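> Quick note on numbering: the sequence shown equals residues -23 to -1, 1 to 730 in mature numbering (1 follows the signal peptide of the UniProt record, and there is no 0). I have a structure I would like to understand better, so I am pasting it below and will then ask my questions one at a time.
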Amino acid sequence: MARPRPLCSAFLALVLTLACVHASFQDDFDIVWGISHGVWGSGRSRIGRRLLTRDLSMDEIFRYWQKMYGKWPTDVYETHLTDYRNHVARSGREFGIPRNDQEFLDLYYYLRNRTEVPRAVGWTPERERCAPGCYLHGTCNQELGRCDCPRGRQGPDCSEPLATSCREFCQHDGQCHRVIREWCINECNDRGSCVGGFCHCWPGYFGTDCSLSVDYEGKEPNSNGPNTTVLLAGQGYRPNPRGPKIYVYEFPPQYHVWSLLWLDRPLNIILWERLMSLGLRTVNPEEADYFFLPGCGRGCNKWDQKFKYIMEHYAKYWNRRNGRDHLMTHAGDWGRCEKAWGPDSAPFIANLTMLNHWGITVDRSQETEHDLFNACHIPDQDIQVPVLCGDLYPQFEHNVWHPKRRAHPVNKTVLASVAGSICGWNSAEEPPCKNKYYSFGVRAALWTTLRDKPGFHIAKRVPVLGQSMAESEFCFAPTGAGHGKRQVVSVTLGCMPVIISDHVAQPFEPFLDWNDFGVWIAEADLPDVEAILRGFTPQQKAAKMKKLYCAARHVAYTTVFGGLFDGDTGEYDAIATIFNILRVRLRHPGVPDHELMKMDQDFADFMACKPGSPRASGLVAGAAAPPAPPLPNAASNARYKDSIDAKAFPHRTVTTAAWIKAVAGTGAATTQQVQPSTDTAAMIPGPLCAFNGHWVAYASFDTPGNPSAELGNAHRAQGQCMPKNANRPGNFPPGGSITCPPIGPITECAVLV
Ligand SMILES: *[C@@H]1O[C@H](CO)[C@@H](O)[C@H](O)[C@H]1NC(C)=O
Ligand SMILES: *[C@@H]1O[C@H](CO)[C@@H](O)[C@H](O)[C@H]1NC(C)=O
Ligand SMILES: *[C@@H]1O[C@H](CO)[C@@H](O)[C@H](O)[C@H]1NC(C)=O
Ligand SMILES: *[C@@H]1O[C@H](CO)[C@@H](O)[C@H](O)[C@H]1NC(C)=O
């Protein structure tokens, strides 16, 4: 298996920073736990979840528990603490950092057993469908009669210790932080305590995030009848009438949450949480349009066991469409090609719909001498989704459409730039590079040919990447070791991306046309890059910039991490785009992706960032330019002639020197003057944080129970919509969205129309 690499190089720095923060414990404590006091006037609230980079001591766990759940009078707290210290001493251990899962659980159960917790409505120990007492040490899945245990326990009631190791479940040694509030899905919906990623639900609640319970009377609003499972009972869960309806498998916890699920990249977590808060989850597999596989493609997820489990219990649903309606995420550099699963899983994974970042569609492994450059992306089946880049959020403030730009417009002083390693990940090497595979040699070629040319800025490093890119008209967006992130970063910052990667599908292709708001150049035309980029007229560039604003709203996860663009509502963001692609595929089964925009006006309008009722598109009028040529499929090597791309991306175009010349001849330069690129006139008026559950263009349910104005106002004060430290794995509340209230049910998050 490929060694996982951090997505964004800031990650390592971040880990070190957090790891070093322990000098001032009391100050740090609340930050680590994501608790703040008095901010929302409620005494306690969440400010986002953090990656914890060290194990906590027993003392720290005690204090944490007291704050979150115990709330004992001081004397009771002191008694418990002394009692537990004695208990540890009697067993010949040290009162320090728990050394393994058993020691951690010993403390955890001690605390939990002395804490009164609420129960699900109607639940009594007699109604428990698992072995008696399961609820004391684990969570009884009332629907399946299965007692789910935290890592380190087993047996019909989770009372038996089980030796578990970090190596088996956590991918890396030394990253097995046995903490309570590690990071649980939807923070257990405040219906349980988070034990190392596992939700130990209050009695009667169940599911990975405790969102499920039995509707004993059949009186819940979305009930399927007495004694059936219901979602978020009493919290106002409203299924989104436009769907899609998604069934989420409740795998045994040892198949996913015993591992560090969020390790590396949080795409799966965000979608898992967000599809709940968007009202897309259904507990009835019969009515499901899609099936979501929790757990990421990379890491120590037990994929063989998961598929075995599906075929044992849900084969009917898998077989319905041979698994095509099953959704899996893979955020790794090489997506499907990483094969972090056993041979038993391979035939299943081959059939499902993968949400990935690595868009390579033909096998270029021979040419690049790297075995991960196979055809890793399957067009019309997989969805090429943008990289999250939560860690770059502070940099994204430099984007040309940011509200700050009204007073301080960005002056684009550089024609084209790129900054980053040239020859290999995090390497200072310069061409000639040892590796042929790194970015298909494109970074090396740019370095060699353009570094000294006026107007170009080709560097290994720049002080502020966001500023550097925003000040460039064009930004090269080469791939890296596998997928790159620069096309997303560039678009988000308002720099026209230059794609030079043959046979690599770009995010949301074919629904986004990257040669329309950016420039796609065939690898074989690398020598013409300068001529092409210099050849665009100001009018052509302005037209691309207008389309770029829409593309930016599609590729950025603004409803997850926060608003970025003046006048944006978040309604077209990456999350909305993913679910709208799933919707349009449902509306037109069997239709290839590249025909969907033609067949479905709603979807075409959505992709063009037009609201339901058409409004001025802001496109530039002028003499019609000759159509851009299609991407030559044999651009870099005759081997790829007639490749799958010809069929899957028939509308993909490139820009060539010949086209630039032909366009210059049409007199396009004399057509009407267009607005400068940073003009916001064509944009929807509205403040930056429009999607706070209050004004929300994003939500338009007219059913009662919409988030109140007070909540909306309290939720995101002006200027607070964008988290200042949106580091990986992401600083967003439960529910997977910045639109979710910091405390309170995820049913109050903004929803998708
Ligand atoms: C503590 O454990 C005992 C049995 O081990 C159980 O009867 C009791 O209900 C537990 N208390 C709580 C609050 O969970
Ligand atoms: C629900 O289940 C309980 C026992 O599990 C049973 O006594 C009751 O009759 C059931 N209710 C209905 C309406 O089926
Ligand atoms: C995958 O899909 C094909 C049909 O496209 C089917 O024949 C095959 O059985 C499926 N494999 C699995 C594991 O479902
Ligand atoms: C951009 O140029 C204008 C006009 O020359 C100037 O007033 C402004 O300060 C410049 N903006 C920045 C960010 O340098």
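Backbone N, C-alpha and C define an ideal beta-carbon position, used for all residues, glycine too. None of the values given here were measured: they were computed from a predicted structure.
Buried or exposed for V532, going by 16 or more other Cβ atoms inside 10 Å?
Here residue 532 is taken as the residue at index 555 of the sequence shown, counted from 1. Result: buried.
> Where does P435 fall in DSSP's three states?
As a first step, residue 435 must be located in the sequence shown, where it is residue number 458. Sequence check: residue 435 is Ile here, not Pro. Of the three classes helix, strand and coil, the one that applies to I435 here is strand, per DSSP.
> Tell me the rounded alpha-carbon separation between F373 and A323.
Indexing the sequence shown from 1 puts residue 373 at position 396. Indexing the sequence shown from 1 puts residue 323 at position 346. When rounded, the distance between both Cα atoms is 38 Å.
> Which residues have a Cβ closer than 6 Å to any heavy atom of ligand 3, listed in chain order?
Taking each Cβ in turn, the ones that pass are N299, G300, P324, F325 and N328.
> Could you check what DSSP says for S714 in three-state terms: helix, strand or coil?
For the purposes of this step, residue 714 is taken as residue 737 along the sequence shown, with counting starting at 1. If DSSP states are grouped into helix, strand and coil, S714 belongs with coil.
> In its own chain, which residues sit with a C-beta less than 8 Å from the C-beta of P504, not counting the 5 before and 5 after it?
On the sequence shown, residue 504 is found 527 positions in, with the first residue counted as 1. Only T426 meet the Cβ criterion.
> To which residues does DSSP link S394 through a beta bridge?
Here residue 394 refers to the residue found at position 417 of the sequence shown. BP columns for S394 point to H434 and C452.
> Helix, strand or coil: how does DSSP classify G418 here?
Numbered from 1 along the sequence shown, position 441 holds the residue referred to as residue 418. Looking at G418 - three-state DSSP - the assignment turns out to be helix.
> Taking 7 Å as the CB-CB cut-off, is E346 touching chain C?
Reference to chain C is not applicable here, since this structure consists of a single protein chain.
> Please classify G689 as buried or exposed, where buried requires at least 16 other C-beta atoms within 10 Å of its C-beta.
For the purposes of this step, residue 689 is taken as residue 712 along the sequence shown, with counting starting at 1. Bear in mind that a pLDDT of 39 at G689, under 50, signals an unreliable position, so the number given afterwards is only what the model happens to contain. Classification of G689: buried, given that the 10 Å Cβ count is 16 or more.
> Using the three-state DSSP reduction, which class does T51 fall into: helix, strand or coil?
If you number the sequence shown from 1, residue 51 lands on position 74. T51 falls in the helix class under three-state DSSP.
> Which same chain residues end up closer than 7 Å to F417 when comparing Cβ atoms and leaving out the 5 residues on each side of it in sequence?
For the purposes of this step, residue 417 is taken as residue 440 along the sequence shown, with counting starting at 1. Excluding positions up to five away in sequence, the list reads T345, T456, S478 and E500.
> Is N201 near ligand 2 - that is, is its Cβ less than 6 Å away from at least one heavy atom of it?
Position 224 of the sequence shown holds residue 201. False, no ligand heavy atom lies under 6 Å from that Cβ.
> Mind checking which residues open and close the alpha helix (DSSP H) that includes F538?
Taking the sequence shown and counting its residues from 1, the one referred to as residue 538 is at position 561. Unbroken alpha helix (DSSP H) run through F538: T535 to F538.
> Would you identify the three-state DSSP class for H114, choosing helix, strand or coil?
Taking the sequence shown and counting its residues from 1, the one referred to as residue 114 is at position 137. In the structure shown, H114 sits in a helix (DSSP, three-state: H, G or I).
> With a threshold of 6 Å on Cβ separation, who are the neighbours of A272 within its own chain once the five nearest residues in sequence on each side are excluded?
Your numbering for residue 272 matches position 295 in the sequence shown. Position check: residue 272 holds Gly in this sequence, whereas Ala was assumed. Only H233 and N278 meet the Cβ criterion.
> For Y54, I'd like the list of residues in its chain whose CB is within less than 7 Å of its CB, leaving aside the five on either flank, ordered along the chain.
Within the sequence shown, residue 54 is the residue found at index 77, counting from 1. Closer than 7 Å at the Cβ level, and outside the excluded window around Y54, lie Q43 and G47.
> Helix, strand or coil for C165 per DSSP?
Mapped onto the sequence shown, residue 165 falls at position 188. In this structure, C165 counts as helix in the three-state DSSP scheme.
> Quick one: using the 10 Å Cβ neighbour count with 16 as the cut-off for buried, is N296 buried or exposed?
Locating residue 296 in the sequence shown gives position 319, where the first residue counts as 1. Under this definition N296 is an exposed residue.
> For N204, is the beta carbon positioned less than 6 Å from some heavy atom of ligand 2?
Start at 1 with the first residue of the sequence shown, and residue 204 comes out as number 227. Checking every heavy atom of ligand 2 against the Cβ of N204, one is found closer than 6 Å.
> When you measure from the CB of N90 to every non-hydrogen atom of ligand 1, does any distance come out below 6 Å?
On the sequence shown, position 113 is the one that residue 90 refers to. N90 Cβ: within cutoff of ligand 1.
> Within 10 angstroms of its Cβ, does K389 collect 16 or more other Cβ (buried), or is it exposed?
Indexing the sequence shown from 1 puts residue 389 at position 412. Classification for K389: buried.
> Please classify G712: is it buried, with 16 or more other beta-carbons within 10 angstroms of its beta-carbon, or exposed?
Here residue 712 corresponds to residue number 735 of the sequence shown, with the count starting at 1. G712 should be labelled buried.
> For Y617 versus V362, is the C-beta spacing smaller than 7 Å?
On the sequence shown, residue 617 is found 640 positions in, with the first residue counted as 1. On the sequence shown, residue 362 is found 385 positions in, with the first residue counted as 1. Not closer than 7 Å, so no.
> Quick one: what does DSSP say E486 is sitting in, helix, strand or coil?
As a position in the sequence shown, residue 486 is number 509, starting the count at 1. Three-state result, E486: coil.
> Pop quiz: G174 and L237 are said to be a contact at Cβ under 8 Å. What is the actual Cβ separation, rounded to whole angstroms?
Taking the first residue of the sequence shown as position 1, residue 174 is located at position 197. Taking the first residue of the sequence shown as position 1, residue 237 is located at position 260. Indeed they touch by this definition, with Cβ atoms about 7 Å apart.
> Going by DSSP, what residues sit across from S170 in a beta bridge?
Start at 1 with the first residue of the sequence shown, and residue 170 comes out as number 193. S170 is bridged to H177.
> Are the segment 71 to 87 and the segment 116 to 130 in contact at 8 Å, needing three or more beta carbon pairs?
Short answer: they touch.
> Quick check: what's the CA-CA separation for N245 versus R251?
Indexing the sequence shown from 1 puts residue 245 at position 268. Indexing the sequence shown from 1 puts residue 251 at position 274. Roughly 10 Å separates the two Cα atoms.
> The beta strand (DSSP E) with residue 739 in it runs from where to where?
The requested residue 739 does not occur in the structure, where the chain is confined to residues -23 to 730.
> When burial is assigned at 16 or more other CB atoms within 10 Å of the CB, is N403 buried or exposed?
Along the sequence shown, read from residue 1 onward, the residue named residue 403 stands at position 426. Exposed.
> Using C-beta distances below 6 Å, list every residue in its chain close to A694, excluding the 5 sequence neighbours before and after it, in chain order.
Here residue 694 refers to the residue found at position 717 of the sequence shown. With a pLDDT of 37 at A694, under the threshold of 50, the predicted position of this residue should be treated as unreliable, and no value is reported.
> Work out the CA separation of L563 and F350 for me, nearest whole Å.
Here the question's residue 350 lines up with position 373 in the sequence shown. Here the question's residue 563 lines up with position 586 in the sequence shown. Looking at the two C-alpha atoms, the distance is approximately 31 Å.
> Go through its chain and collect everything with a Cβ distance to G459's Cβ below 6 Å, but skip five positions before and after it.
As a position in the sequence shown, residue 459 is number 482, starting the count at 1. So the qualifying residues of the chain are D310, W311 and W335.
> Between the Cα of V730 and those of A581, P409, H571 and N557, spot the shortest distance and give me the residue it belongs to.
Taking the first residue of the sequence shown as 1, we reach residue 730 at position 753. It is N557 whose Cα lies nearest to the Cα of V730.
> If you measure between the beta carbons of T141 and I162, is that distance less than 7 Å?
Translated into the one-based positions of the sequence shown, residue 141 becomes position 164. Translated into the one-based positions of the sequence shown, residue 162 becomes position 185. Result no, Cβ atoms of T141 and I162 do not sit closer than 7 Å.
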